[in-house]
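**Student:** Chains A and B, in that order, are what the protein sequence lines are.
First residue of the first sequence? That's 212 in this note's numbering, and the numbers climb one at a time after it.
First residue of the second sequence? That's 212 in this note's numbering, and the numbers climb one at a time after it.
Glycine included, each C-beta is placed from N, C-alpha and C at the ideal position.
Have a look at the structure that comes next, please.
2 protein chains.
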Amino acid sequence: MDFSENDSVDAVLASFADTPDPRLREVMDGLVRHLHGFLRDVRPSLHEWEQAIDFLTAIGQRSDEHRQEFILFSDVMGASMLVETMEATRQAGGASGATGERVDATASTVLGPFHVVTSPERALGDTIDSVGTGEPCLIEGSVRAPDGTTVPGARIDVWQADEQGSYDVESEGRQPIGNGRGLFTADDDGRFWFRSIVPAHYPIPTDGPVGALLRATKRHPYRPAHVHFIVEAPGYVPVTTHVFVEGSPYLDSDAVFAVKQSLVRDFAAVDDADAAARHGLPNPFRRAHFDIVLAPEAS
Amino acid sequence: MDFSENDSVDAVLASFADTPDPRLREVMDGLVRHLHGFLRDVRPSLHEWEQAIDFLTAIGQRSDEHRQEFILFSDVMGASMLVETMEATRQAGGASGATGERVDATASTVLGPFHVVTSPERALGDTIDSVGTGEPCLIEGSVRAPDGTTVPGARIDVWQADEQGSYDVESEGRQPIGNGRGLFTADDDGRFWFRSIVPAHYPIPTDGPVGALLRATKRHPYRPAHVHFIVEAPGYVPVTTHVFVEGSPYLDSDAVFAVKQSLVRDFAAVDDADAAARHGLPNPFRRAHFDIVLAPEAS
Chain A
212 MDFSENDSVD
222 AVLASFADTP
232 DPRLREVMDG
242 LVRHLHGFLR
252 DVRPSLHEWE
262 QAIDFLTAIG
272 QRSDEHRQEF
282 ILFSDVMGAS
292 MLVETMEATR
302 QAGGASGATG
312 ERVDATASTV
322 LGPFHVVTSP
332 ERALGDTIDS
342 VGTGEPCLIE
352 GSVRAPDGTT
362 VPGARIDVWQ
372 ADEQGSYDVE
382 SEGRQPIGNG
392 RGLFTADDDG
402 RFWFRSIVPA
412 HYPIPTDGPV
422 GALLRATKRH
432 PYRPAHVHFI
442 VEAPGYVPVT
452 THVFVEGSPY
462 LDSDAVFAVK
472 QSLVRDFAAV
482 DDADAAARHG
492 LPNPFRRAHF
502 DIVLAPEAS
Chain B
212 MDFSENDSVD
222 AVLASFADTP
232 DPRLREVMDG
242 LVRHLHGFLR
252 DVRPSLHEWE
262 QAIDFLTAIG
272 QRSDEHRQEF
282 ILFSDVMGAS
292 MLVETMEATR
302 QAGGASGATG
312 ERVDATASTV
322 LGPFHVVTSP
332 ERALGDTIDS
342 VGTGEPCLIE
352 GSVRAPDGTT
362 VPGARIDVWQ
372 ADEQGSYDVE
382 SEGRQPIGNG
392 RGLFTADDDG
402 RFWFRSIVPA
412 HYPIPTDGPV
422 GALLRATKRH
432 PYRPAHVHFI
442 VEAPGYVPVT
452 THVFVEGSPY
462 LDSDAVFAVK
472 QSLVRDFAAV
482 DDADAAARHG
492 LPNPFRRAHF
502 DIVLAPEAS
């Protein structure tokens with residue numbers, strides 16, 4: 212029987228019927244149903260479908276070791292944040308135990324496309340900024356369990372844009388690779404602190420297909436200022452998150468939908484010559500406090 | 212308010228609200244709804260979503276001037292055939308006129324990923340095969356309107372795999388580029404004829420991400436033997452189609468869902484020394500008759 216609009220889902224699902232892995236079969240089943248549903252709703256012409264194929268191809272081809280345009284596409288479509296939100300819900304459920312109480316772990320948010328360089332290992336108190344043109348700041352906090360227990364020795368991977376809103380990999384040599392990145396180990400009391408500069412809000416890369424999409428749809432490309440964190444410790448669920456700079460533009464319209472109110476912190480101006488000298492910072496400086504709460508792994 | 216699973220569609224649709232082009236806005240609206248619907252149904256873990264991003268990126272990166280892996284992905288998902296089927300329905304509707312009668316034009320089918328070389332212009336009766344290792348055949352027919360009127364001067368673009376099931380661009384030098392391809396102009400009576408070899412069934416390219424998907428899902432990669440046609444004439448709706456070789460394996464399980472029963476033809480063995488001599492073919496030879504009916508454009 213010829214392929215027809217009414218039977219297209221059944222015909223394609225039948226072709227996947229022998230998929231050995233049940234999860235892969237479930238994924239392909241959902242993909243076929245939603246892909247065909249999308250096509251039946253939108254009814255692209257052949258020419259439009261060719262344009263769509265060209266767009267997706269260009270996204271793959273724009274990606275390389277320092278650029279991941281498909282993550283960017285997932286980000287601006289809200290897909291990354293939706294997957295992130297569902298993962299956090301699942302992990303909170305897994306960690307809540309038999310009584311089902313909610314675990315108040317630090318909220319997660321998107322990984323983003325810039326975790327493409329291994330962060331250099333640095334000592335507590337070191338600076339992650341080697342350029343020196345931004346406004347100096349101290350970022351400090353502690354890693355704890357929901358019950359307040361300290362989590363010693365957590366690994367804290369941070370990366371951020373500079374005061375011009377650029378990551379090392381997109382600064383065209385202005386920053387050395389590894390600038391704005393650091394991998395720290397919390398001390399025996401779970402505390403961490405490091406120096407940096409206050410990051411700026413920035414546009415996601417707009418010189419590729421995703422930028423063209425944003426222009427065509429009159430969407431702005433900006434993300435509010437933030438520092439990325441991945442925090443891991445044995446026996447705890449790792450968290451991928453940001454700390455956002457209070458007062459930054461675009462906190463209410465992040466191009467990738469990643470802002471959570473619980474992650475916004477004041478990067479307060481501090482005038483304290485002793486503290487500045489102790490941390491090797493000029494006075495005055497800016498200081499943000501960002502405590503991390505990790506959910507215990509389900510036993 | 213934080214992004215949540217329940218509100219994700221609304222949040223992302225709001226970001227596209229200022230899209231100036233109404234069609235683009237409609238497409239993005241459908242994409243957001245179905246993409247988020249797919250994610251909510253399938254609930255990929257972050258790791259699975261990273262695998263999906265890597266898979267799509269690899270599809271783009273596997274594409275080049277002679278290979279279009281995203282068309283291949285669209286083909287094996289039945290998306291190309293669904294778009295093709297909807298386009299044909301729309302054009303038949305557009306061409307049927309006020310009385311709404313069905314126009315019996317030649318059925319269309321997928322373009323496929325191998326229309327990547329401009330077909331060499333050839334004279335009626337020429338051969339499109341310059342290698343000479345396959346079984347010689349004559350393909351002939353005429354181009355007509357649904358009412359039987361001849362359509363003189365139609366342009367007939369054909370391309371096909373060889374007797375080993377390879378297109379010129381994937382034969383690694385065994386065939387010169389342009390082999391198995393020809394662009395013909397029908398004569399004043401709408402007739403066309405050319406020499407070739409009987410194509411073989413073949414696997415779609417399996418050395419890329421789409422091949423990996425087929426292996427993981429235990430799908431075979433084969434397409435039944437066929438010759439591609441695009442036929443165009445002023446005042447008529449162009450048709451992109453195939454003629455399939457009757458008796459070929461995989462006519463009932465084409466990897467890209469493109470078989471229509473009305474497009475299958477007998478490539479009959481002919482023992483006719485005069486006809487063979489007239490066409491410059493050895494005797495015996497194979498012969499297929501494939502008439503093309505083009506729908507008039509809507510006025």
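Whole angstroms is fine: what's the gap from G289 (chain A)'s alpha carbon to L242 (chain B)'s?
**Tutor:** 11 Å
**Student:** Any idea which residues DSSP pairs F440 (chain B) with across the strands?
**Tutor:** DSSP output for F440 (chain B) lists B:V369, B:T452 as bridge partner(s).
**Student:** Compare the C-alpha of F405 (chain B) against each of B:D232, B:Q371, B:T344, B:S377 and name the closest.
**Tutor:** B:Q371
**Student:** How long is the line joining the alpha carbons of I408 (chain B) and I339 (chain B), rounded to whole angstroms?
**Tutor:** 8 Å
**Student:** Can you tell me which residues form a DSSP beta bridge with V475 (chain A)?
**Tutor:** A:F455.
**Student:** Judging by CA-CA distance, which residue of B:Y378, B:S285, B:A318 is the nearest neighbour of I441 (chain B)?
**Tutor:** B:A318
**Student:** For M239 (chain A), which of A:D221, A:V253, A:P255, A:S256 has the nearest alpha-carbon?
**Tutor:** A:D221
**Student:** Compare the C-beta of S307 (chain A) against all C-beta atoms of chain B and say whether one is closer than 8 Å.
**Tutor:** Since pLDDT at S307 (chain A) reaches only 43, below the 50 mark, its modelled position is unreliable, and no value is offered.
**Student:** Once DSSP output is grouped into helix, strand and coil, what is the label at D213 (chain A)?
**Tutor:** coil
**Student:** Which residues does DSSP pair with D275 (chain A) in a beta bridge?
**Tutor:** A:R278
**Student:** Is there a Cβ from chain C that is less than 8 Å from the Cβ of I408 (chain B)?
**Tutor:** Absence of chain C from the displayed structure is noted, the protein chains being A and B.
**Student:** Since A397 (chain B) and G364 (chain B) are thought to touch, with beta carbons under 8 Å apart, how far apart are those beta carbons, to the nearest angstrom?
**Tutor:** 6 Å
**Student:** Buried or exposed: which applies to N390 (chain A), given that a residue is buried once 16 or more other Cβ atoms fall within 10 Å of its Cβ?
**Tutor:** buried
**Student:** Would V287 (chain A) pass as a contact of V504 (chain A) if the rule is Cβ separation under 8 Å?
**Tutor:** no
**Student:** Once DSSP output is grouped into helix, strand and coil, what is the label at F405 (chain B)?
**Tutor:** strand
**Student:** With a threshold of 16 other CB atoms inside 10 Å of the CB of G271 (chain B), please say whether the residue is buried or exposed.
**Tutor:** By the Cβ neighbour-count rule, G271 (chain B) is buried, with 16 or more other Cβ atoms within 10 Å of its own.
**Student:** Do you know offhand how far A193 (chain A)'s Cα is from D218 (chain B)'s?
**Tutor:** No answer is possible for residue 193 (chain A): the residues shown for chain A start at 212 and end at 510.
**Student:** Kindly list the residues whose CB is nearer than 6 Å to the CB of S382 (chain A), restricted to its own chain and excluding five residues on each side of it in sequence; keep chain order.
**Tutor:** none
**Student:** Is the segment 465-480 of chain A touching the segment 448-457 of chain A, taking contact as three or more C-beta pairs under 8 Å?
**Tutor:** yes
**Student:** Hey, does V222 (chain B) have any beta-carbon neighbour from chain A nearer than 8 Å?
**Tutor:** According to the sequence provided, residue 222 (chain B) is Ala. The question's Val does not apply to it. At least one chain A Cβ lies under 8 Å of A222 (chain B).
**Student:** By the 8 Å beta-carbon criterion, what residues does the segment 415-429 of chain A contribute toward chain B?
**Tutor:** A427, T428, K429
**Student:** With distance defined between alpha-carbon atoms, name the residue in B:F284, B:F281, B:A488, B:V380 nearest to L349 (chain B).
**Tutor:** B:A488
**Student:** Is it buried or exposed, M212 (chain B), if we count other Cβ atoms within 10 angstroms and call 16 or more buried?
**Tutor:** exposed
**Student:** DSSP state of P170 (chain A), grouped into three classes?
**Tutor:** Outside the displayed span of chain A (212 to 510) sits residue 170 (chain A), for which this structure offers no information.
**Student:** Could you pull the start and end residues of the alpha helix (DSSP H) that V243 (chain B) belongs to?
**Tutor:** 233-253
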